[in-house]
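For the sequence shown, the numbering used here gives the first residue as 958, with consecutive numbering after it. Notes for the one structure printed next.
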Amino acid sequence: MHQPRTFLDNFFLVIKGLCMGAANKVPGVSGGIVAFVGGFYEEFIYSLQKVNGKAFKLLVNGRFKSFYRYTNGQFLLLLIAGMLISYFSISRVLDYFLEQKELYVWAGFFGMILGSIYYIGKDFDHWNKRTVTSGIIGLIVGISISFLSPATQNDNLIFIFFCGIISVSGMTLPGLSGSFILILLGNYVLLLVDSVNALYDTISEMFSGDFGFMQDAKRMQTLKILAVFTLGSATGLVTFSHLLSYVLKHYKKMSTAVILGFITGSLGVLWPWKRTMFKMDALGNPLLDSNGDKVIHNYERYLPDLANMETWWAVVFVILGILVLLALDWYGKNRKERKQVRAAR
């Protein structure tokens, strides 16, 4: 799994990390799809699997180079660096556009999911009774999840740790959106908006020499929540990676069929033309969480108005989303051809 990479390969790995981070932030989109389509999903899972007891012993014994090589450190560090950069840059931009131009954001990602279905399915020629059944199961589960109603916000630290374990599924399971799962659990705003923004503000203040945040009880509580969520996410990543590496090794064809079905079923979550429905009290007023934000009940989907120019702009963004996936496909093929040429010399 340890492949020699050029500077350009390393640069694009960071870019892929950026894309994974951005995808994980958008409800309905899975960072695992980026890994799958980008051609580094299996390496990602197997590298995470190397974070085990042997790696821990190497680290404790001070054998840092051996630890770095054993865990495929360069690959993981570049990918994680891209994700971290994304959380403090692209994901903040996404927050803005989700608020101002929500339809176009949903449309762009809807196109990317359509493109990923084509990308994953075009070379899959192992359809039989087992894989068709697996695909249908994935499809049913994906559709079912898209119609579940969200819970209310819960800042209990044990529950936050559980949210971290569950939400990281979006990075390891293509088609399962960790951020959408957080919406269902009621903690999307708390964990992927408020906490990330609190960390961003804290780091900015520290660089300017302002440590007043330490006297801000609400800020410190939010940072504690983020720390527990991060610990849960790390636990989930390592745990899921061991399970998935086994599944990929022994049931690769069935796994791919489930993923294809699941991604197709998740299109309902990303359908661009929808209205957000909020939970109401007995008097018909929107219920608010502890941060004063309206509590999401579900989404009402509707057919687009073809007489509306905004609809056609959304269609343009769907096409752009598909083109992004086709570009990734082109890059992957070119990279494979370059490696074959280098190996032949």
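All residues carry an ideal CB built from backbone N, CA and C; glycine is no exception. In this text, all values refer to a predicted model and were calculated from it rather than measured experimentally.
Here Leu1035 is not near Met1128, since their CB atoms are 8 Å or more apart. DSSP places Phe1118 in the helix class (H, G or I) of the three-state scheme. In this structure the segment 1049–1065 does not lie against the segment 1202–1219, because fewer than three pairs of beta carbons, one per stretch, are closer than 8 Å. Here Arg1258 carries a strand assignment [DSSP, helix/strand/coil]. Per DSSP, Thr1187 is one residue of the alpha helix (DSSP H) stretching across Ala1174 to His1207. C-alpha of Thr1028 to C-alpha of Ser1004: approximately 6 Å in a straight line. It is roughly 7 Å from the alpha-carbon of Met1177 to the alpha-carbon of Met1171. Between the segment 971–985 and the segment 1036–1045, the count of C-beta pairs closer than 8 Å reaches three or more; the two stretches touch. Residue range Phe1021 to Tyr1027 is occupied by the alpha helix (DSSP H) that includes Arg1026. Fewer than three pairs of CB atoms, one per stretch, sit closer than 8 Å, so the segment 1177–1189 makes no contact with the segment 1093–1103.
Put simply, the backbone Cα of Met1211 is about 5 Å away from that of Thr1088.
Taking the Cα positions, Met1266 is about 17 Å away from Lys1231. DSSP, read as helix, strand or coil, puts Lys1058 in coil.
CA-CA distance, Ile1047 to Gly978, rounds to 8 Å. When secondary structure is reduced to three states using DSSP, Phe1235 falls in the strand class. Rounded to the nearest whole angstrom, the C-alpha separation of Phe1219 and Asn1113 is 30 Å. Of the other Cβ atoms in all chains shown, 16 or more fall within 10 Å of the Cβ of Val1226; this residue is therefore buried.
In this structure, the CA atom of Ala1239 is about 41 Å from the CA atom of Gly989.
Counting C-beta pairs closer than 8 Å gives fewer than three between the segment 1148–1165 and the segment 1072–1091, which falls short of the contact rule. Per DSSP, the continuous alpha helix (DSSP H) segment holding Gln1031 begins and ends at Gly1030 to Tyr1044.
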